[in-house]
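Undergrad: Quick note: the sequence shown uses the working numbering, first residue 818, plus one each step.
Cβ coordinates follow ideal geometry from the N, Cα and C atoms, glycine included.
Bear in mind that the values here come from a model prediction, so they are computed numbers and not experimental data.
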Amino acid sequence: MSVTWINELVADPVECRNNPGSDACNYLQHVLQDKYGVPIVDQTLHWAAPNQQCAEGEPRTDCRGKTTDAYYGPTPITTHVHGAHVDSRSDGYPESWFLPSSNNI
């Protein structure tokens with residue numbers, strides 16, 4: 818079996834392919850939101866930190882965040898397959914994240 822991943826986690830993938838510079842290619846907000854549309858992401862946990870704002874002070878992409886502010890950025894993605902018998906480097910781990918291919922990052 819072969820799986821091809823197409824990074825289309827954008828507002829409108831079809832329109833984005835036809836018009837790559839449009840707002841259709843903007844990333845999607847995080848799906849966990851409060852009733853006002855504010856993302857609920859606890860940045861003080863150890864997470865894939867695209868903003869590199871770490872509690873320890875050193876800017877890194879995997880750390881405990883230093884702010885409790887809402888995170889409005891793109892959702893980091895980590896691919897993981899359950900039941901696969903492969904080395905961890907090809908099966909996803911917390912620091913193996915990437916961001917959507919979008920215009921507004």
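Counting C-beta neighbours from all protein chains within 10 Å, is the total for G882 16 or more, i.e. buried, or is it exposed?
TA: Taking the first residue of the sequence shown as position 1, residue 882 is located at position 65. So G882 counts as buried.
Undergrad: Taking the alpha helix (DSSP H) that R877 falls in, what are its first and last residues?
TA: Along the sequence shown, one-based indexing puts residue 877 at 60. Careful: R877 lies outside any alpha helix (DSSP H) and carries neither H nor E.
Undergrad: Report the residue from S913, A901 and C833 whose alpha carbon sits nearest the alpha carbon of M818.
TA: Start at 1 with the first residue of the sequence shown, and residue 818 comes out as number 1. Minimum Cα-Cα distance from M818 among the listed residues S913, A901 and C833 corresponds to A901.
Undergrad: Below 8 Å CB to CB, which residues in the same chain sit around C871 once its five sequence neighbours on both sides are set aside?
TA: Here residue 871 corresponds to residue number 54 of the sequence shown, with the count starting at 1. Closer than 8 Å at Cβ, skipping near neighbours: R877, C880, R881, G882 and K883.
Undergrad: Taking Cβ to Cβ, would you say S913 is nearer than 8 Å to T892?
TA: The residue labelled residue 913 in the question sits at position 96 within the sequence shown. The residue labelled residue 892 in the question sits at position 75 within the sequence shown. Not in contact: S913 and T892 (Cβ atoms no closer than 8 Å).
Undergrad: State the DSSP-derived secondary structure class of P837, mapped to helix, strand or coil.
TA: Position 20 of the sequence shown, counted from the first residue, corresponds to residue 837. It is coil, neither helix nor strand.
Undergrad: Would you list the residues sitting across from V827 in a DSSP beta bridge?
TA: Along the sequence shown, read from residue 1 onward, the residue named residue 827 stands at position 10. Paired residues: Y844.
Undergrad: From S919 to A828, what distance separates their C-alpha atoms?
TA: The count along the sequence shown starts at 1 and reaches residue 919 at position 102. The count along the sequence shown starts at 1 and reaches residue 828 at position 11. If you take the alpha carbons of S919 and A828, they lie about 9 Å apart.
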